[in-house]
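Residue numbers (this note's numbering), protein chains in the order written: chain A, 1013 to 1547; chain B, 15 to 315. Okay, structure first, notes after.
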């Protein structure tokens, strides 16, 4: 039996409406190997205690029942809790989060203590199941390549490239523009830097160049650059996107680099509070365009470009980076070579090994979105970060949660957009009913129609599938295939006498917190109207 | 040593699986040499089979009589095996689960277009239909499965050999594409819209390339979501798979698993031609699916 430790952060449990964390801890006493309640995981004494316990009791899986995973991954220094646990011997794939703050305490102001406890218990149950069922991921140690790609030809690109060569990092500046794209003031102030770049041995300028491919991971990317009909490959450690206000460039780059942007096309960072340049992809920093609030725009650009350089060099200066190979796994004994996986993969990561008689996954291309796992009709694939058995089990657990008479809604939230939108909703103080039960899935394309049927069969009144907006899917085609599957599924629901309106797709972007909460609340309201109307 | 005793029975089915037993041809003589058949509806007129070592059950449980026969046989059998798709997954009779029983009866006996003055059967002599059809493992413990509509003589031979030597019946675990001889062309590369025109109808057989994957031609084929073992005979006859071998081993059910796959294989244009996803995806395995009957039927139980 895998040894599991369950750690609660009581500060997270009273972020909003307080959850009785002592009672919660007591409920899990005996079902896992260690249960502890701490004030906050970031207290230094707590971190020492946690890691000591992990080492002494040879704990294999740790559940952090506190804030959203984003809090421990995408805040300045937030990842040091997980880094310490990994150093203590826990596999990165076996650090599981129960999001008690953003999914329970914060969005349910005024909810009775019992209902709140019921939901917190269900969310923690799901995390415990996850800790039991996930397998450890393979870790590759990547010695980072001290080379970077700067995309853009404007002021931010000049500053970023200059800073990098100055720090001794080899740089390729690539842009579709035919030369530097600087206005009068920028040309005047940046002339010295431009002059250095044009002569520096560490700098390669690649103007009139298209970026055709980006594969690999932080520390070891391979990019394909096309210029005048010829292509060449560059292997490098990190990428800085500095295309400024050319919003169409973000759309053009989207199939290669998924940079979140708002409806105007303006990019925003993974964490706007502390990390203005961090994107959702490790090793890729984005210099935001000038905010246009009257301040000196060049100074802003320069500061942001410098921050992006710091973000990248921070990675490149490490002796090695741990890359968690969280790909889709193939069971050759099930694979019938139907090639469905080849068809669905947006990253061309699947291929057929004729000799071995099975399909294969290219680890450098796979983004672990799970679309092929759902599509694979032979059941030959599974996702290391979110196995099918875990989703099946989680839906059963959530269906049994005791949450009063309100309609039970299962919210399957994609990790790329909808999950973060729900986080935003909670942090911005928006509320929705406690009977909406969230379950994180990798992508809209990971939502299996079998699981939706299972949800209705196990008693959910409604199912919301939260996915990215059109063209914003981090896995390019996840939402597209989700839409198509759902169109067919609605027929199946109707024929079985289940009202297809009990299933809703919520397409949303991470910054749309208010819309997320409103959609969930309205859906629960409609269901409740339909139920009372029917009886 | 006495020969092991074998009994067979049929519940709600079409007797096709028993016919397939006869299709064993001369192999049947070998089988008869190894077992003593105590009861077999097409051969014997035995109401109550004596205790047997192996029982083969064809058909789904659809009536009160089916359930009683099955339970009694279970009590008297060493090993009880589901013979054919209806016994394994509910099969064709299970499609009535989509409608409340009263509605299904009304449609069959009164509402059919050729019926005038139809009456619902009401005699006490006729076994009463249960609200919905179930595979036999929903009623009794089942020790082995021989899927197929009907199972091929080769499968039967293999299964009988395993049963008579006391071993488990083992079937391959892949989907039908593994056995299907048809070629792939478009599915060799990633492309999000690879079928832009063409058919969803199986009636236009002369237009269907007999060597190319049906899905690549826009013809709905269940093979991707169906367990192999039948040797893809339908596909060799230029007929798409309809899924009688049931779901692949790790699928929760066949229909939704098929939907997951074809939504990515067929383009939106072709998908919109699919006007009976239910009938295509669940032709043989609705009673064994996640949601085995229409909602509202439970209330009548």
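By construction, the Cβ of each residue, glycine as well, lies at the ideal position given by its N, Cα and C atoms. None of the values given here were measured: they were computed from a predicted structure.
Would you check if the distance between the CB atom of residue 1226/A and the CB atom of residue 1268/A is smaller than 8 Å? yes
Pick from 1296/A, 1309/A and 1235/A that is closest to residue 1194/A, judged by C-alpha positions: 1309/A
Residue 1518/A (DSSP reduced to helix, strand or coil): strand
Report yes if the CB atom of residue 1019/A is closer than 8 Å to the CB atom of residue 1075/A, and no otherwise. yes
If you run the structure through DSSP and keep just helix, strand and coil, what is residue 75/B? strand
Residue-chain proximity (residue 1052/A, chain B), Cβ-Cβ < 8 Å: no
Could you work out which residues of chain B lie near residue 1513/A, taking near to mean beta carbons separated by less than 8 Å? What residue 1513/A touches in chain B: nothing, since even the nearest Cβ is about 14 Å away.
Buried or exposed for residue 1070/A, please, with buried defined as at least 16 other CB atoms from any protein chain shown within 10 angstroms of its CB. exposed
According to DSSP, simplified to helix, strand and coil, what is residue 1033/A? helix
Checking 8 Å against the spacing of the C-beta atoms, do residue 123/B and residue 115/B come in under that value? no
Give me the Cβ distance between residue 1383/A and residue 1452/A, rounded to the nearest whole Å; I'm assuming they're in contact under 8 Å. Between residue 1452/A and residue 1383/A the Cβ distance is about 16 Å, and since that is not below 8 Å, they are no contact.
May I ask you to report which of helix, strand or coil DSSP gives residue 1365/A? strand
Would you mind sorting residue 1082/A into buried or exposed? The rule is 16 or more other CB atoms within 10 Å of its CB. buried
Residue 1468/A vs residue 305/B beta-carbon contact at 8 Å: yes
By the DSSP assignment, the beta strand (DSSP E) with residue 1386/A in it spans what residues? Not the beta strand (DSSP E): residue 1386/A falls in the alpha helix (DSSP H), residues 1383-1387.
Name, going along the chain, the residues of the region 1369-1391 of chain A whose beta-carbon falls closer than 8 Å to a beta-carbon of chain B. 1383, 1386, 1387, 1388, 1389, 1390 and 1391
Could you confirm whether any beta carbon from chain A is found closer than 8 Å to the beta carbon of residue 189/B? yes
Would you give the residue range spanned by the beta strand (DSSP E) that residue 1228/A belongs to? 1221-1229
Where does residue 1288/A land, buried or exposed, given buried means 16+ other C-beta within 10 angstroms? buried
List, in order along the chain, the chain A residues whose C-beta lies closer than 9 Å to that of residue 201/B? 1350, 1351, 1352, 1354 and 1355
Interfacial residues, the region 1448-1474 of chain A to chain B, with Cβ spacing under 7 Å: 1460, 1461, 1462, 1465, 1466, 1468 and 1469
Going along the chain, which residues of the region 253-286 of chain B sit with their C-beta nearer than 7 Å to a C-beta in chain A? 262, 263, 264, 265, 266, 267, 269, 270, 271, 272, 273, 274, 275, 277, 278, 279, 282 and 285
Does residue 308/B come within less than 8 Å of chain A when only Cβ atoms are used? yes
Coil, strand or helix - residue 1239/A by DSSP: strand
Hey, residue 20/B and residue 49/B: beta-carbon distance below 8 Å or not? yes
Kindly indicate which three-state DSSP category residue 272/B falls into: helix, strand or coil? helix
Cα separation between residue 1181/A and residue 1538/A? 57 Å
Close-in-space but distant-in-sequence residues of the same chain around residue 141/B (CB under 8 Å, 5 per side omitted): 77, 78, 79 and 80
Checking contacts by CB at 8 Å: is residue 301/B closer than that to chain A? no
Just to make sure I have the definition right: I need the residues of chain A whose C-beta is within less than 7 Å of the C-beta of residue 304/B. Which are they? 1462, 1465, 1466 and 1469
The beta strand (DSSP E) with residue 1393/A in it runs from where to where? 1393-1395
Inter-residue Cα distance where the pair is residue 239/B and residue 1152/A: 35 Å
Using Cβ-Cβ distances below 8 Å, what residues of the region 1106-1126 of chain A are close to chain B? none
Name the two residues that bound the continuous alpha helix (DSSP H) containing residue 1196/A. 1196-1211
Could you tell me the alpha carbon to alpha carbon distance between residue 1158/A and residue 1209/A, rounded to whole angstroms? 17 Å
Please name the residue, chosen from 1187/A, 1058/A and 1418/A, that lies closest to residue 1023/A on a Cα-to-Cα basis. 1058/A
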